[in-house]
Amino acid sequence: MGQTMTQKILAAHCGKETVTAGELILADLDRVLANDITGPVAVEEFGRMNARVFDTEKISLVMDHFAPNKDIKSAAQCKVCRDFAAANGIPGFYDGGEMGVEHALLPEKGLVTAGDVIIGADSHTCTYGALGAFSTGVGSTDMAVGMATGKAWFKVPAAIRVSLTGRLNRFVTGKDVILHLIGRISVDGALYQSLEFTGAGVSALSVSDRLCICNMAIEAGGKNGIFPVDEKTLEYLAAAGAKAPILYAADSDADYVRTIEIDLSSVEPTVAFPHLPENARTFEEIGDVRIDQAVIGSCTNGRLEDLAAAAEILQGRKVAKGVRAIVIPATQKIYLEALKRGYLETFINAGALVSTPTCGPCLGGHMGILAAGERAVATTNRNFVGRMGHVDSEVYLASPYVAAASAVTGKLTDPRKL
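What follows is the structure in structure tokens.
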């Protein structure tokens, strides 16, 4: 039996010709990541090992969740990471003006590439599968061990093949694709499995679409999501200055648990209703749902392509009275380019708030907390109970097009109707 793309990467990193689903392996790591929430816990565990960092160039500490520091505790958390990076000579410490939302920042800086094995003490580390890497989230203790040894234990995942055909229609994005998929298979439909995206439709998706889709593989329970490497991938990696990629492709006789077919031309603007990403609905099923807040940003949808979509909708329009619209570029580079292109002016003229890069409201951290009874439409990745504030608030997940259109009308709105 042949190997999946994920299995080939893992086999290469544990020194074996092949691996099988369910097999336990010890794999070499190309990058170890943490943020200001998970990093301090990892640093504490690392200190108990009396160890040294295995490779200072392969550690990334990104201060993004409660940064810029919102209170004394968050400042202390960042200080723990800052002091650890300085004491161990780790150059990859990102804070202040160098900071960005971690899963947008690392690809942008060329710190991940095709063929890598990456762990991060953040569940959305699966984002980097869009670039042909095996990447997955781990706990802070595993992250500490990874920093010390450069290795991590994995159970090799079985795989689901997601076969894509066709092309996305106007105002439909990768966010709609992943919400559509999660709606079909549920939040545990890919539990500890690899979601491997294949088919002619892959070439029709932008790298930004792919990053968004892999980012939310975890919301289907997936161990990782991964796309094949094509010319778009290679162009992106070259532009980011990433190290030379190592290309792996699934064998034609690779073993998959099942195959899911998605015709991209059939996907419509989709919204995930509270309180799970699987509660996906198209606008035929959506009535009059008033909102209080719209959030456009996060590691899922804070890239330049996302801001361009929001700006297209908001150009010449105004945010509805009583609605708070918050736009958060995912990195400083994205912020600056959005400024140069006039997007930020468009947002401000429309009555939206523009924030410095931060995870902020996505996890109910700061910069957009909801009160009891309030509703937000957000381009973020989770809408669990209390995710963005009070337990009696609600979060509706959607694309930047839908979020911006909803900000204009004050209710969930199909962007095709504006």
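Okay, so the sequence shown: first residue is 3 according to this note's numbering, each after it adds one. Cβ coordinates follow ideal geometry from the N, Cα and C atoms, glycine included. Bear in mind the structure is a predicted one, so any value in this text is a computation, not a measurement.
To which residues of the same chain is residue i closer than 6 Å at the C-beta, ignoring the five residues directly before and after it?
i           : result
residue 313 : 345 and 348
residue 47  : 143 and 146
residue 386 : 277
residue 218 : 180 and 383
residue 234 : 209
residue 393 : 387
residue 105 : 126, 129 and 301
residue 368 : 72 and 362
residue 160 : 23, 195 and 259
residue 95  : 63 and 87
residue 391 : 366, 371 and 372
residue 243 : 112
residue 418 : 173
residue 299 : 330
residue 416 : 271 and 285
residue 231 : 116, 134 and 249
State the CB to CB distance for the pair residue i and residue j, rounded to an integer number of angstroms; the pair is presumed to be in contact (CB under 8 Å).
i           : j           : result
residue 214 : residue 185 : So it is not a contact: roughly 15 Å between Cβ atoms.
residue 62  : residue 35  : 5 Å
residue 183 : residue 223 : Not a contact, Cβ separation roughly 12 Å.
residue 292 : residue 412 : 6 Å
residue 90  : residue 58  : 6 Å
residue 150 : residue 51  : 5 Å
residue 378 : residue 327 : 10 Å between Cβ atoms; not a contact.
residue 228 : residue 198 : 5 Å
residue 269 : residue 211 : Actually they do not touch by this definition, with Cβ atoms about 11 Å apart.
residue 380 : residue 395 : Between residue 395 and residue 380 the Cβ distance is about 11 Å, and since that is not below 8 Å, they are no contact.
Using three-state DSSP, classify residue i as helix, strand or coil.
i           : result
residue 102 : strand
residue 71  : coil
residue 151 : helix
residue 413 : strand
residue 391 : strand
residue 205 : helix
residue 137 : strand
residue 265 : strand
residue 20  : coil
residue 114 : coil
residue 314 : helix
residue 4   : strand
residue 383 : coil
residue 193 : coil
residue 360 : coil
residue 396 : strand
residue 250 : coil
residue 333 : strand
residue 2   : Limits of the chain in this structure are 3 at one end and 420 at the other, which puts residue 2 out of reach.
residue 45  : helix
residue 11  : helix
residue 184 : helix
residue 179 : helix
residue 50  : helix
residue 349 : helix
Would you list the residues sitting across from residue i in a DSSP beta bridge?
i           : result
residue 157 : 26
residue 324 : None, per the DSSP bridge assignment.
residue 292 : 413
residue 256 : 4
residue 121 : 34 and 138
residue 198 : 163 and 228
residue 62  : 35
residue 143 : Residue 143 pairs with nothing; no bridge assigned.
residue 372 : 391
residue 355 : 328
residue 284 : 272
residue 378 : 295 and 397
residue 95  : 63
Apart from the five residues just before and just after residue i, which ones in its own chain have a Cβ nearer than 8 Å to its Cβ?
i           : result
residue 245 : 112 and 115
residue 4   : 252, 253, 254, 255, 256 and 257
residue 21  : 5, 9, 12, 13, 27 and 158
residue 320 : 352, 353 and 410
residue 44  : 36, 123, 142, 143, 145, 146 and 149
residue 108 : 33, 35, 62, 64, 114 and 130
residue 289 : none
residue 121 : 31, 33, 34, 35, 127, 137, 138, 139, 140, 144, 145, 148 and 154
Can you find the residues in the same chain that come closer than 7 Å, C-beta to C-beta, to residue i, ignoring five residues on each side of it along the sequence?
i           : result
residue 220 : 125, 126, 128 and 139
residue 306 : 336, 339 and 340
residue 201 : 165, 166 and 167
residue 40  : 123, 124, 142 and 145
residue 67  : 37, 38, 39, 361, 365 and 367
residue 98  : none
residue 16  : 27, 28 and 29
residue 171 : 267
residue 84  : 95 and 97
Can we say the region 236 to 247 touches the region 357 to 375, given the rule of at least three CB pairs closer than 8 Å?
-> As far as the Cβ criterion goes, the region 236 to 247 does not touch the region 357 to 375, which means the pair count is below three.
The region 271 to 285 contacting the region 397 to 409, beta-carbon criterion three pairs below 8 Å | Note that the region 271 to 285 touches the region 397 to 409; at least 3 beta-carbon pairs, one per stretch, sit closer than 8 Å.
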